[in-house]
Amino acid sequence: MKRIVLMGGPGGGKSETLYYLKDVFQKQGYSTYIDTETCTDVLKSGFTIENQGIYRFQKLIFEIQKAKEDAYVKALKNQEDAILFIDRCLYDHAGFLDHEDFLRLLEEESVELDSIQERYDLILFLETSAKIEKYVQLSNPVRMENRQEALLSNAALKKAASYFPNTKFVEAQDTIEIKQEKARQIVDEFLRGEDETSR
Numbered sequence: 001m002k003r004i005v006l007m008g009g010p011g012g013g014k015s016e017t018l019y020y021l022k023d024v025f026q027k028q029g030y031s032t033y034i035d036t037e038t039c040t041d042v043l044k045s046g047f048t049i050e051n052q053g054i055y056r057f058q059k060l061i062f063e064i065q066k067a068k069e070d071a072y073v074k075a076l077k078n079q080e081d082a083i084l085f086i087d088r089c090l091y092d093h094a095g096f097l098d099h100e101d102f103l104r105l106l107e108e109e110s111v112e113l114d115s116i117q118e119r120y121d122l123i124l125f126l127e128t129s130a131k132i133e134k135y136v137q138l139s140n141p142v143r144m145e146n147r148q149e150a151l152l153s154n155a156a157l158k159k160a161a162s163y164f165p166n167t168k169f170v171e172a173q174d175t176i177e178i179k180q181e182k183a184r185q186i187v188d189e190f191l192r193g194e195d196e197t198s199r
């Protein structure tokens with residue numbers, strides 16, 4: 001199985017692209033699955049930065065996120081044709097916490113930074129649409145960031161994504177369809193390369 005992450009700033013089109021890629025590669029014969037964004041689920045449950053504090057909030061997301069990923073990977077481990085598309089990953093927390101708190105979180109969770117790299121086969125970083133002034137705050141009903149905050153978050157997350165050697169960056173585009181096609185091309189190229197390596 002392959003684990004492909006969609007990462008990026010708010011309003012980057014991650015959720016829409018996640019389902020687009022799932023459908024595209026399912027039609028190509030892969031068994032495709034989705035791990036939805038944990039942060040959105042946590043916010044909908046009533047947990048916020050305001051009532052938890054930033055560190056406890058990120059720690060809660062990290063623990064749920066890791067448990068979900070581990071459970072899905074265990075369920076799919078014997079399916080060679082499976083692709084698990086993951087909406088955000090454990091690297092994201094480096095974009096929301098300062099470096100010392102991120103390292104503290106990893107230590108408390110008994111997770112090594114290098115082991116995070118081993119969890120994912122490919123990361124697609126989708127730049128926020130705020131970079132080209134097409135940011136829509138209400139595209140996600142629990143989104144909290146304004147345009148300037150989205151740009152700052154995008155920059156921090158981009159730095160975090162650079163930890164991972166197999167990150168591919170998809171720039172902001174005029175339409176989500178253009179961005180999705182670029183993402184599809186990257187995933188297709190990655191899968192073709194993996195197929196050739198396994199021969």
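Each residue of the sequence shown is one higher than the one before, starting from 1 at the first, in the working numbering.
Cβ coordinates follow ideal geometry from the N, Cα and C atoms, glycine included.
Taking the DSSP output, what are the residues bridged to residue i?
i: T167; result: I123
i: V5; result: I86 and I123
i: S153; result: Answer by DSSP bridge pairing: none, since S153 is not bridged.
i: I34; result: F85
Measure how close the beta-carbons of residue i and residue j come, nearest whole angstrom, since I'm counting them as under 8 Å.
i: M7; j: D92; result: 6 Å
i: E127; j: E171; result: 5 Å
i: L43; j: Q52; result: So it is not a contact: roughly 11 Å between Cβ atoms.
i: E63; j: E109; result: 7 Å
i: I4; j: L103; result: Not a contact, Cβ separation roughly 26 Å.
i: L84; j: L76; result: 6 Å
i: K158; j: I186; result: Actually they do not touch by this definition, with Cβ atoms about 16 Å apart.
Please classify residue i: is it buried, with 16 or more other beta-carbons within 10 angstroms of its beta-carbon, or exposed?
i: R88; result: buried
i: Q180; result: buried
i: L138; result: Reliability of the predicted coordinates at L138 is poor, the pLDDT of 44 falling under 50, and the value obtained from them is presented with this limitation in mind. Looking at its Cβ environment, which holds fewer than 16 other Cβ atoms inside 10 Å, L138 is exposed.
i: Q65; result: buried
i: R199; result: Note that R199 scores a pLDDT of 44, beneath 50, so its modelled location is shaky; the value from the coordinates is reported in the next line. Classification of R199: exposed, given that the 10 Å Cβ count is below 16.
i: G193; result: exposed
i: A71; result: exposed
i: G29; result: exposed
i: E69; result: buried
i: A183; result: buried
i: L122; result: buried
i: I90; result: What sits at residue 90 in the sequence shown is Leu, not Ile. L90 is buried by the Cβ-count criterion.
i: I178; result: exposed
i: Q148; result: exposed
i: Q79; result: exposed
i: Q173; result: buried
i: A94; result: buried
For the ligand MN, any of its heavy atoms closer than 7 Å to the Cβ of residue i?
i: V111; result: Here there are no bound small molecules, and the ligand MN is not part of this structure.
**OP:** Tell me, please, whether the region 9-21 touches the region 49-60 by the rule of three or more beta-carbon pairs shorter than 8 Å.
**Re:** Touching, no.
**OP:** Evaluate contact between the region 35-49 and the region 149-157, counting only Cβ atoms and requiring at least three cross-stretch pairs below 8 Å.
**Re:** The answer is no - the region 149-157 does not touch the region 35-49, with fewer than three Cβ pairs under 8 Å.
Original post:
Quick check: the region 157-165 against the region 39-48, are there 3 or more CB pairs under 8 Å?
Top reply: By the Cβ test, the region 157-165 is not in contact with the region 39-48, since fewer than three Cβ pairs between them sit closer than 8 Å.
Original post:
Fully enclosed by the region 4-79, which beta strand (DSSP E) runs are 3 residues long or longer?
Top reply: You should have 31-35.
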